[in-house]
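Undergrad: I'd like to ask some things about the structure below.
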Amino acid sequence: MYAFTYQKPKTVAEAAAALAADGDAKVVSGGQTLIPTLKQRLAAPSALVDLGSIEGLAGITVAGDTVTIGAMTKHAAVAHSAEVQGAIPALAALAEGIGDPQVRNRGTIGGSIANHDPAADYPAGCLGLGATIVTSKRELSADDFFTGMFSTALEDDELVTAVRFPKPKRAAYAKFPNPASRYAIVGVFVADTASGIRVAVTGAGGGVFRATELEAALTAKGFAAGSLDGVTVSSDGLNSDIHASAEYRAHLITVMAKRAVAAAG
Amino acid sequence: MQVEVSLTVNGAAVTATVEPRTLLVQLLREHLALTGTHVGCDTSQCGACVVHVNGASVKSCTMLAVQADGASVTTIEGLATDGTLHPVQEAFREHHGLQCGFCTPGMVMSAVDLLQNNTSPSEAEIREWLEGNICRCTGYHNIVKAVQHAAAAMRG
Chain A
659 MYAFTYQKPK
669 TVAEAAAALA
679 ADGDAKVVSG
689 GQTLIPTLKQ
699 RLAAPSALVD
709 LGSIEGLAGI
719 TVAGDTVTIG
729 AMTKHAAVAH
739 SAEVQGAIPA
749 LAALAEGIGD
759 PQVRNRGTIG
769 GSIANHDPAA
779 DYPAGCLGLG
789 ATIVTSKREL
799 SADDFFTGMF
809 STALEDDELV
819 TAVRFPKPKR
829 AAYAKFPNPA
839 SRYAIVGVFV
849 ADTASGIRVA
859 VTGAGGGVFR
869 ATELEAALTA
879 KGFAAGSLDG
889 VTVSSDGLNS
899 DIHASAEYRA
909 HLITVMAKRA
919 VAAAG
Chain B
7 MQVEVSLTVN
17 GAAVTATVEP
27 RTLLVQLLRE
37 HLALTGTHVG
47 CDTSQCGACV
57 VHVNGASVKS
67 CTMLAVQADG
77 ASVTTIEGLA
87 TDGTLHPVQE
97 AFREHHGLQC
107 GFCTPGMVMS
117 AVDLLQNNTS
127 PSEAEIREWL
137 EGNICRCTGY
147 HNIVKAVQHA
157 AAAMRG
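For the record, the sequence lines run as chains A and B.
When we follow our numbering, the leftmost residue of the first sequence carries the number 659, and every step to the right adds one.
When we follow our numbering, the leftmost residue of the second sequence carries the number 7, and every step to the right adds one.
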């Protein structure tokens, strides 16, 4: 690791001010992606701004049909939350499938979505459920928040503070993990929501995206795995690497979508 | 830049001056000479470095020492009491849940965390929980057996 300075602000405003004052500063929340990145010297921030001492950023509240998860809430807390399990079981299951138990004890939802790894799980849950990302400046729909590989709409001095999930009628996440890294080669989150059927895909492209062909088929023919028979997703622009070709990933998107629809019931 | 951190390690108050880039595992091994916590892969995969921070198992190679400021940390050295092995340690010894022993501290710390949240894990739950702990010798069979026996011993 290259050397950096360290700040531990007590409020979101102090953290935002620290980021505004130093364009090369980076936020650390759980650090499960950032610290390995620093160790490989793939990043060299001048300073780390640690959100660990800011009160009120962690926690889960369920009010009516909305589940709000604070940015610093750890994956394990979401996975084991009886409230999340009750309101959106697919989201609790998604959290339980991230990394391994020790990673889930440190990694946070805010860190995951702000990083927007193209194979991360939470972006698929956010986009699939039509979540609202609450930041230190504004509120963004998940559709507007995720802009591309490791890219989001966040400005340099803007922090995720919470994510609001509307409770769907039914939803499920199906992941085809890389057998070694356990990252999604393809992960598909399907949700039957008040504003329509949504299908979000991670692992397959440059960032999370909606499979509009599958959404259209499920909307036209009904929310059932059979509605996706014969429906294909284009491999144009999908990832091709030693783990899977673009064509294989395209095929897997329909397969995993069918499994998710079947699991959602 | 140097930062002072104060934390509790195995029940004792500890203060150290570290660089912000110092990892928790470096603080434990190099500053406090607690070398029972191992560094295996150093890339968050293998789990040889697992310790407990505020009761939850974490990979100490993937946490900064400054992030542990104010926390209570337990390492493998803190498990035994008055010379009596923790039931999980005893089960690993009794059922030979190791060969070379390099992964063992992390395996034990991880298993202790599992059993404090799930007193009767199934074999499948044990294997799933140990996803973040890699052993290249045993094939895991005796490790799983040891955790099952530890669970039974701790249930009494």
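Every residue gets a Cβ at the ideal spot worked out from N, C-alpha and C, and that includes glycine.
As the structure is a prediction and not an experimental result, all values here were calculated from the model.
Evaluate contact between the stretch 19-35 of chain B and the stretch 891-905 of chain A, counting only Cβ atoms and requiring at least three cross-stretch pairs below 8 Å.
TA: The stretch 19-35 of chain B is not in contact with the stretch 891-905 of chain A.
Undergrad: Measure how close the beta-carbons of V736 of chain A and A716 of chain A come, nearest whole angstrom, since I'm counting them as under 8 Å.
TA: Not a contact, Cβ separation roughly 11 Å.
Undergrad: Express the C-alpha separation of G865 of chain A and T805 of chain A in angstroms, rounding to a whole number.
TA: 8 Å
Undergrad: Just the chain A side, please: which residues come within less than 9 Å of L91 of chain B by C-beta, in chain order?
TA: Here the premise fails: no neighbours, minimum Cβ distance about 23 Å.
Undergrad: Within 10 angstroms of its Cβ, does I900 of chain A collect 16 or more other Cβ (buried), or is it exposed?
TA: exposed
Undergrad: Does C52 of chain B pass the burial test, meaning 16 or more other C-beta atoms within 10 Å, or should it be called exposed?
TA: The residue in question, C52 of chain B, is buried, as its Cβ has 16 or more Cβ neighbours within 10 Å.
Undergrad: With 7 Å as the limit, tell me which residues of the stretch 661-676 of chain A have their beta carbon closer than that to any beta carbon of chain B; keep them in chain order.
TA: A661, F662, T663 and Y664
Undergrad: Is there a C-beta anywhere in chain A that falls below 9 Å from the one on V196 of chain B?
TA: Nothing can be reported for residue 196 of chain B, as the shown portion of chain B is limited to 7 through 162.
Undergrad: Check each residue of the stretch 31-53 of chain B: if its Cβ is closer than 9 Å to any Cβ of chain A, include it; give the result in chain order.
TA: Going along the stretch 31-53 of chain B in chain order, one finds D48, T49, S50, Q51 and G53 with a Cβ nearer than 9 Å to chain A.
Undergrad: Identify the contact partners of Q690 of chain A in chain B, using a Cβ-Cβ distance below 8 Å as the criterion.
TA: The answer, in chain order, is S50 and T68.
Undergrad: Check the Cβ-Cβ distances between I843 of chain A and every residue of chain B, and say whether any is below 9 Å.
TA: no
Undergrad: Taking V79 of chain B as the reference, give the member of B:V150, B:A18, B:I149 and B:Q154 with the closest Cα.
TA: B:A18
Undergrad: Can you list, in chain order, the residues of the stretch 695-728 of chain A whose Cβ is nearer than 9 Å to any Cβ on chain B?
TA: Those residues of the stretch 695-728 of chain A that come within reach of chain B (Cβ to Cβ, closer than 9 Å) are L696, K697, Q698, A705, L706, D708, G710 and S711.
Undergrad: State yes or no: is the C-beta of A661 of chain A within less than 9 Å of the C-beta of P667 of chain A?
TA: no
Undergrad: Distance, Cα to Cα, V153 of chain B vs E96 of chain B?
TA: Per the coordinates, the alpha-carbon of V153 of chain B lies some 10 Å from the alpha-carbon of E96 of chain B.
Undergrad: Give the residues of chain A in contact with G138 of chain B, contact being defined as C-beta atoms less than 8 Å apart.
TA: Result: G757, D758, P759, Q760 and V761.
Undergrad: For a quick check, are the C-beta atoms of V761 of chain A and H733 of chain A less than 9 Å apart?
TA: yes
Undergrad: Run through DSSP, which three-state label would V64 of chain B get?
TA: Residue state, collapsed to three classes: strand.
Undergrad: Any beta-carbon of chain A closer than 9 Å to the one on A152 of chain B?
TA: By this cut-off, A152 of chain B is not an interface position.
Undergrad: Using a cut-off of 8 Å between C-beta atoms, extract the partners of M659 of chain A located in chain B.
TA: R27
Undergrad: I want to verify the contact list: residues of chain A whose CB lies under 8 Å from the CB of V56 of chain B, in sequence order.
TA: Q760
Undergrad: I'd like to know if V848 of chain A contacts chain B, where contact means its C-beta is closer than 9 Å to some C-beta of that chain.
TA: no
Undergrad: With 9 Å set as the bound, which would you pick, yes or no: does the beta-carbon of A800 of chain A sit closer than that to a beta-carbon of chain B?
TA: Taking a beta-carbon distance threshold of 9 Å, A800 of chain A does not count as an interface residue toward chain B.
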